[in-house]
Every structure is written in C-alpha cells, then in structure tokens.
Amino acid sequence: MNNTFEEYAPDVPVPPDFDRFWASSLRRPGPVVLSVEPVPNRLRLISTFDVSFAGFGGHPIRAWYSRPSFVEDVTLPAVVEFPGYGRGRGFPHERLTWVSAGYAHLLMDVRGQGGRYGNGGDTPDPGAVPDAPWPVTWGIGSPDTYYYRRLITDAVRAVAAVRALPGVDADRVAVAGNSQGGGLALAVAGLVPDLAALLVTAPFLCDIHHALSTVTTSPYAEISAYLAVRRDLTPAAYDTLSYMDGVTFASQAVAPACFGVGLRDDVCPPQGTYAAFNAYGGPRTDKEIHPYPFNGHEGGDAFHVAHQLEWLTSRLPPEPAP
Numbered sequence: 001m002n003n004t005f006e007e008y009a010p011d012v013p014v015p016p017d018f019d020r021f022w023a024s025s026l027r028r029p030g031p032v033v034l035s036v037e038p039v040p041n042r043l044r045l046i047s048t049f050d051v052s053f054a055g056f057g058g059h060p061i062r063a064w065y066s067r068p069s070f071v072e073d074v075t076l077p078a079v080v081e082f083p084g085y086g087r088g089r090g091f092p093h094e095r096l097t098w099v100s101a102g103y104a105h106l107l108m109d110v111r112g113q114g115g116r117y118g119n120g121g122d123t124p125d126p127g128a129v130p131d132a133p134w135p136v137t138w139g140i141g142s143p144d145t146y147y148y149r150r151l152i153t154d155a156v157r158a159v160a161a162v163r164a165l166p167g168v169d170a171d172r173v174a175v176a177g178n179s180q181g182g183g184l185a186l187a188v189a190g191l192v193p194d195l196a197a198l199l200v201t202a203p204f205l206c207d208i209h210h211a212l213s214t215v216t217t218s219p220y221a222e223i224s225a226y227l228a229v230r231r232d233l234t235p236a237a238y239d240t241l242s243y244m245d246g247v248t249f250a251s252q253a254v255a256p257a258c259f260g261v262g263l264r265d266d267v268c269p270p271q272g273t274y275a276a277f278n279a280y281g282g283p284r285t286d287k288e289i290h291p292y293p294f295n296g297h298e299g300g301d302a303f304h305v306a307h308q309l310e311w312l313t314s315r316l317p318p319e320p321a322p
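Residue numbers (full-length UniProt numbering): 1 to 322.
Next comes the structure, spelled out in structure tokens:
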C-alpha cells in the first residue's frame, strides 16, 4: 500500500499564549508524592505499590508503581504509561510488559474515566462540571476549564512523581501510551524537556481540526455530537482544542521517539500521527515511525510492542544505575 501521509505537515493553529498557558497550568509548589503503599499482587517476580500523587489543582491521582521484586534494592530506569480513553489503571497484574523487561513502571490512573473499558479506575475528577456524558467535552468552552488541561497536567506530574519514588533513576525516565495515552505521552514530551524517551502509538488529539471534520467514531464523534447541540460554542471549542494539539507539543519535544500507526485507523487518523511525527523535534532528533498498512486503531499490536522493546532497550537499557 502506498503511504500518502509521509510528507503530511498541516498548518496547525498555535495560540499566541500557548507557552504561558501551560507554564501557568503546571506551576504547583509542594511535594508531588502523597502516599506509597505496598499491595499484594500474587506475582512472585514483581512488587507493586499503590501510589497517590498531586495532579492538577493538587487533586490526588492514583497510580500503580511496579518493579522487579528481585532487584528491590537497586535504582532502575522507569517507564510512565498512560491509559487509553475510557480506561483506568485496572488491576496491578494487568500491564506488565515494561516491568517484565526490567524497568520500574508507573501506570497512571485517568481522572473521571475508567467506566467504559478494561477493569475500572480509582480517581475522580474534582474539577469536572459535566453537562454531557463524555469527558472529552467537559469544560470545552474554555482552555482554563477544559478536561484535558487537567489530565495533561496530571501526566506531567506523574513524571515528577516517579522521579521522587524510591528505586527510580530520575535521569532515565521514558513515557509511553496508545490512543489517548499516546496523546498524553506526546504532550508530556513537549512539556518535560529532559525525558529519556517517548513511545507513542496512534495518538489522540493530533491535528484536531482535521480530525473533527472527517472522523465519525468516538472520541472525536463525541465532540461533534456535543457541538451539534451547542452550536454557539463551536468557535470557543476550536480555540480550546488548539491548546491541546499534539502537533504543537511534538514541535517542542526533543527526546528520542518511537511512533506506531495503523494506516487504516478510523479512530485517531494516521494523518494526525504523521503530522506529529513530522513536527517532532529538530532535523537531528532521534525518531522513527512504524506504519502498519492493513491495520486500524490497533496498529501493530503486540508485533509493534516487540519493536518498542528493542528500540527502548537500545536507548535506555534496563540495567541498574551504578
């Protein structure tokens, strides 16, 4: 299949106060880690801790922190992972790829979500004033009140939290995610200048204006359905979304990056992934993209995870720090 997206580079609108907006959103004094409690997981080779950290507004955000149990006394590089739309952190024994590879692993819960797929979440969203059932529309009339302002800030704070946890090498932290999780990871890469690596597949919230004009599946369709009723909010919603676009975050990122994309993705269009990839970093940035011509939103699935493991271990070996 001919890949028509390799040179795709749309003119994504960037608000003039984009940097100031995010600097203000992320400014939060005080400790980030609120609690760390060991939890039984029935896994002999992995230890898990229930972590709470201060996210946007100081709101407590839950996460699972896991690490290989046979190296409990050494310092390891870490991978921070973000779930997809509608999912929460689930159970401690669910997402074990990165910890099984030898990394410390923090899986962030997603505020206000967790009730649509997977096995639930444990973090409410105190900042939400829902007037529709979809988190993607909550507060969309202003960037100050929008749901993803809170969630992206939580994701940035998750990196600060893992760096403060025992047994983590703060200088060797990567972020990872698919779909919504990929969009969050991409945003973090643009907002945290000293990440060690980025692993992103089919990121949500990239080239948003184009996606809203073409996509008929959720979550983009939830925004469309909302604006079909609240027609007068459309200009304000588009302005709000311009503060959240992954293409803009990508242009500010510098960490080595591994992208994955299904060219038949009708949930997060491949145009958005390529727009972010082509905007990512400078001309000498260490980045690569793996397209899957006959796959949709699942992308390369476990086949791509094998690429990710090889790519990450070559750049961020999971050996303990000296």
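The C-beta atom is built at its ideal place from N, Cα and C for all residues, glycine as well.
Just to confirm the assignment, what range does the beta strand (DSSP E) spanning Tyr-292 have? 287-292
Entirely enclosed alpha helix (DSSP H) segments - the stretch 249-316, minimum 4 residues: Runs of the alpha helix (DSSP H) spanning 4 or more residues and lying entirely within the stretch 249-316 occur at 270-279, 301-315, in chain order.
Taking Gly-272 as the reference, give the member of Tyr-220, Asp-122, Ala-160 with the closest Cα. Tyr-220
Pick from Glu-37, Ala-54, Ala-187, Pro-143 that is closest to Thr-48, judged by C-alpha positions: Glu-37
Can you tell me whether Arg-80 is buried or exposed, with buried defined as 16 or more other CB within 10 angstroms of its CB? Going by the sequence as given, residue 80 is Val instead of Arg. Val-80 should be labelled buried.
Taking only three categories from DSSP, how would you classify Trp-64? strand
Can you grab the Cα-Cα spacing for the pair Pro-83 / Asp-301, in whole Å? Between the alpha carbons of Pro-83 and Asp-301 lies a distance of about 15 angstroms.
Using only alpha-carbon positions, find the residue among Phe-70, Phe-91, Pro-77, Tyr-85 that is nearest to Arg-62. Phe-91
Taking the straight line between their C-alpha atoms, what separation do you get for Asp-131 and Asp-266? Roughly 27 angstroms separates the two Cα atoms.
Among Met-108, Asp-194, Thr-123, the one whose alpha carbon lies nearest that of Gln-180: Met-108
Through-space distance from Tyr-280 to Cys-206, alpha-carbon basis: When rounded, the distance between both Cα atoms is 12 angstroms.
Check each candidate in Ser-69, Asp-194, Trp-138, Ser-52 and name the one with the smallest Cα separation from Tyr-226. Trp-138
Separation of Ile-140 from Leu-34, as counted between CA atoms: 29 angstroms
Would you tell me roughly how many angstroms separate the C-alpha atoms of Leu-184 and Gln-308, rounded to the nearest one? 18 angstroms
Within 10 Å of its beta-carbon, does Val-129 have 16 or more other beta-carbons around it, so buried, or fewer, so exposed? exposed
Between Ala-189 and Val-32, is the Cβ-Cβ spacing less than 8 angstroms? no
Residues of its chain near Ser-142, where Cβ-Cβ distance is below 8 angstroms and the 5 sequence neighbours each way are ignored: Ala-236, Thr-240
Among all the DSSP beta bridges, which residues are the ones paired with Met-244? Note: Met-244 sits in no beta bridge, so no partner.
Phe-303, buried or exposed, once every other Cβ within 10 Å from all chains shown has been counted against 16: exposed
Assuming Pro-15 contacts Ser-242 (C-beta within less than 8 angstroms), just tell me the rounded distance between them. 5 angstroms
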